[in-house]
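Protein chains in written order, with this note's numbering: chain L, 36 to 242; chain X, 36 to 242.
Scroll down for the structure; my scribbles are underneath it.
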DNA sequence: GTCTATATGAAGATAGAC
DNA sequence: GTCTATCTTCATATAGAC
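Written out as structure tokens, the structure is:
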């Protein structure tokens, strides 16, 4: 009886561990080679399991890919910084928000995720949706809520907060983001310039 | 002698015709399936030639891909509309420029090209460069020149015309472009709102 | 549940006839 | 120059032992 109980606990745990290793291996493979370029052999090798084990856990390459992307979309979400933003001057809060955004968006993993999801949006339309909702849309919504909490500072922008938030983020991304996605190396000054442009836009300080 | 002369003209023309057909077939294949997903068998079948002919003309899949992307980058360039812009009020010229940009950027072929080039920017870095230079950079440069020709209307923006032009285009793209790349269908009102936001930004009409 | 070994097909690239 | 036929490799997915 004792051994049975132990087995009941241990076996699923080991299975979960394998599952996590497979996901980790698949993540590396899909991010670096894309959906078509990735091979299930390489996934199994990287995860240190046999290919059969991969198929037992995920059924097919498509389902494994979907699992990897969903996990990444969940992980990449920024922590909610609304409280920290509310405890400082509005302009400082905006700059803080902007810098957090940039460090997330230009993280190499985020860039690769972006490339892969855009590339496979025809084959996996629901992943395109998921990526947009968990990424940009969350940030826009969070920023819009902040704007609404400070109607005086944001003036007319507060009356259309979602639109203002999206425009702020668009100025923040600029074409620097596209350059990074295309493999060009943006110069560091582009980031600080983008922050100032976006903040000035929302606070109407047209220098 | 007559036949020789005729042959001298005809053979290269036929070879060029085949070459064009191969490029057309390859374009369809690469745009719809991506680099890895595309097959040389399918390219040959779509072009109506044998696979050997494809290899005679282009040597390898990589070279064929490069040829296709280069051709697309050349074709997608907008005609120069500077003269038309100069012959009307500045605000109207900006709206015209904006609408042209949008119709180019949201063209299905452009969207697919964008997806593929971003996806393959690691394997083909020079194509990432080319795409940026022939696409966004050309538009930014053209718009910056227009701004410089009208320093009075653009005020402070004219003193940093390249930056102002890039910011204009960033507001114009907004997140609508990303949504389109992710397979989400933007609502029509997003386009006209983006045009007004971008124009208002540059002309400092903060409504 | 996980392994080794394999079925089955398709890919990129080439040989050799004409 | 273009074709048919083929080489070689590697892919996804599975069968069967333990």
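Note that beta-carbon positions come from the ideal geometry of N, C-alpha and C, so glycine has one too.
Predicted model only: the values in this text are computed from it and were never measured.
| query | result |
| --- | --- |
| Chain-ordered neighbours of residue 133(L) on chain X, where CB pairs are closer than 8 Å | Under the 8 Å cutoff, chain X gives no residues; its nearest Cβ is about 14 Å from residue 133(L). |
| CB contact flag (residue 55(L), residue 133(L), <7 Å) | no |
| Segments assigned beta strand (DSSP E), at least 3 residues, entirely inside the segment 77-147 of chain X | none |
| Minimum Cβ-Cβ distance from residue 160(L) to chain X less than 7 Å | yes |
| Top-ranked residue by Cα proximity to residue 96(X), from 158(X), 135(X), 83(X), 113(X) | 158(X) |
| Chain L contacts made by the segment 203-236 of chain X, where a contact means CB separation under 8 Å | 204, 205, 206, 208, 209, 210, 213, 214, 216, 217, 218, 219, 228, 232, 236 |
| Contact set for residue 118(X): own chain, Cβ-Cβ below 8 Å, skip 5 residues either direction | none |
| Close Cβ partners of residue 203(L) (< 6 Å) along its chain, the five nearest in sequence each way excluded | 233, 237 |
| Endpoints, the alpha helix (DSSP H) within which residue 163(X) is located | 160-167 |
| Euclidean distance between Cα positions of residue 144(L) and residue 174(L) | 18 Å |
| Within-7 Å CB hit, residue 94(L) to chain X | no |
| Assigned exposure category for residue 124(L) - 16 Cβ within 10 Å defines buried | exposed |
| C-beta atoms of residue 63(L) and residue 88(L) nearer than 7 Å | no |
| Proximal chain X residues relative to residue 157(L), where beta-carbon distance stays under 7 Å | 218 |
| Nonlocal neighbours in the same chain, by C-beta distance under 6 Å from residue 181(L), ignoring five residues either side | 120 |
| is_contact[residue 171(L), chain X] using C-beta, thresh 7 Å | yes |
| Where the alpha helix (DSSP H) containing residue 155(X) begins and where it ends | It is not in any alpha helix (DSSP H) - residue 155(X) carries neither H nor E in the DSSP assignment. |
| Exposure of residue 194(X), with buried meaning 16 or more beta-carbon neighbours within 10 Å | exposed |
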